[in-house]
Each structure stands twice: as structure tokens, then as C-alpha cells.
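The opening position of the sequence shown corresponds to residue 63 in my numbering, with each subsequent residue numbered one higher. Here the structure comes first, spelled out in C-alpha cells, and everything after it is commentary.
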Amino acid sequence: MGGSRAVLMVGLFLLASASAPLASSHTQQTLTVILVEDGVVSGNITDPAFVQGNALWFRMEDNTENTTMKVRLDIDQDGVFNASNDFESTDLVHECELNETGALVDEDCAVSATYAFSMNATVGTYAFWVHRTSNETETVWNHTVAVHKDVHEEEGPTPGDCFGAGCPVDQSDVTTETSTIANVEDSLLMVLMGVSLIGIALMLAIPKKEEE
63 MGGSRAVLMV GLFLLASASA PLASSHTQQT LTVILVEDGV VSGNITDPAF
113 VQGNALWFRM EDNTENTTMK VRLDIDQDGV FNASNDFEST DLVHECELNE
163 TGALVDEDCA VSATYAFSMN ATVGTYAFWV HRTSNETETV WNHTVAVHKD
213 VHEEEGPTPG DCFGAGCPVD QSDVTTETST IANVEDSLLM VLMGVSLIGI
263 ALMLAIPKKE EE
């Protein structure tokens, strides 16, 4: 009885593993925004591939002496910067001084800043400002970044396509689907045969132990 129960549990585990759906999630992408002496290299960001959940990485590449940059991003999309609601980077420099062990001499020193949009961020256009201060002279560049909807839906029929009952059937699709079903059935059959063989072996082994 114990052997039969073990075989049943093994069979259920194998079937559950074969039928479990694969989980999928959005992989965050990071867009590099280079800051140079003349401004933002990319300018306005309109790439439709930049979607909810992605991040902006601002990198300071202006090596002018006594120069820093600060990035501000209008998160609430009200058109003005508000420190309590919006994103503001620390002062960015071209490079940070390191000590003999490779650690930062100034722990607050930074050459880059990152802002990651949430997975449910509002779709639309966000303003961002880059403030460049060089020898007490400040320059401000205004730019925007468009955040698009992160869509994971399958493509539907295009205009003019026939779908549903009464439409001609694509024989290649039918053949592929039939082949896939047959492969799944063959796999399940092999699993069941293996479980059955294990069960038979255990059942044959039990009487021998009793006779001994």
C-alpha cells in the first residue's frame, strides 16, 4: 500500500510540473543620458521603447574645471520643480577623488544619477532640467522624456484580416497545432508509462519480502 501511494505522489508531481505555467515579467531597461559642456547629447527622449518601469541614468561627462551639474525631473508633471514631489540629483562632477584603497575621499561625490520610473508610472511626457554651474555661472537646459505604456498583449488582427467563424483556415497553422498536441500527448504517455513500470516493480517486490 505504501509503495502504491508513493508511485501516485510521484505521478501527480510530474504532471503538475509539466502543466505549471511559466511566469513572465518586465525586465527593466536603463537609458543612458550623457551630459556634456554643450548640453544633453540625446536631447528630448521620445523613443517608444522607453516604457513604464524603465530608468534614466544621467552621466556627467563635462571635464571643465570648477563645473558641476544637477538634474531635476518633474515627476508629478505639473511643469514646475518641487523638491518634495519631484526628483533632484546631487551635484554631479566629472570625476571623484579616491584614496589609496580606492574608496571615495568625499562620500557625497557623484559622477552620475539614476531615476527609475515605477511599473505603474503615469504614461506621458515628463520635463527635466539640467543645471550646469561653471565658475559661478549657471546654465539651464530644458528637455523632456516620453514614458510609453508597457504592453504585454499579443498582437490582434490587423485591419482587413478575417478572424472568427467562417474565415478560411491556414493549413500550416493547423499542422503546427496538431503536431504540438501530438508531442504533448506523447510526453504525457511516456510519463505515465514510467510511473506504471515503477508501480509494477514495487508491487512485485513486496510479496518477496513477505515470503522471506
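Even for Gly, the Cβ is constructed at its ideal location relative to N, Cα and C. Please read all numbers here as calculations on a predicted model, not as lab measurements.
Backbone CA spacing between residue i and residue j [nearest angstrom]
i    : j    : result
H210 : I260 : 55 Å
K162 : M122 : For the record, residue 162 in the displayed sequence is Glu; it is not Lys. For E162 and M122, the distance between alpha carbons rounds to 24 Å.
M52  : H214 : In this structure the chain extends from 63 to 274, so residue 52 is not present and cannot be described.
E159 : M131 : 17 Å
V207 : N106 : 6 Å
T120 : T94  : The question names Thr, but residue 120 is Phe in the sequence shown. Spanning the two alpha carbons is a distance of roughly 6 Å.
L97  : E200 : 15 Å
D153 : D212 : 32 Å
N144 : N245 : 60 Å
V202 : T108 : 20 Å
E99  : T92  : 23 Å
G101 : G141 : 20 Å
S104 : H205 : 10 Å
F190 : A165 : 31 Å
D170 : S146 : 20 Å
V258 : S249 : Checking the sequence, you will find Ser at residue 258 rather than Val. Each residue's alpha carbon lies about 14 Å from the other.
M252 : Y188 : 56 Å
D148 : V167 : 29 Å
Where the beta strand (DSSP E) containing residue i begins and where it ends
i    : result
K211 : Where K211 is concerned, there is no enclosing beta strand (DSSP E), given that its DSSP letter is neither H nor E.
L97  : 92-98
T187 : 186-196
V133 : 129-135
A117 : 117-122
Rounded distance between the beta-carbons of residue j and residue i, thought under 8 Å
i    : j    : result
V192 : V133 : 6 Å
T176 : A117 : 6 Å
V173 : E157 : 6 Å
Q90  : A178 : 7 Å
Whether or not the segment 185-205 and the segment 125-137 are in contact is what I'm after, with contact meaning three or more pairs of Cβ atoms, one per stretch, closer than 8 Å; do they touch? Three or more beta-carbon pairs drawn from the segment 125-137 and the segment 185-205 are found closer than 8 Å, and the two stretches are therefore classed as touching.
Within 8 Å, do at least three Cβ pairs link the segment 132-142 to the segment 180-192? yes
Completely contained beta strand (DSSP E) runs for the segment 161-185, where each covers 3 or more residues: 174-178
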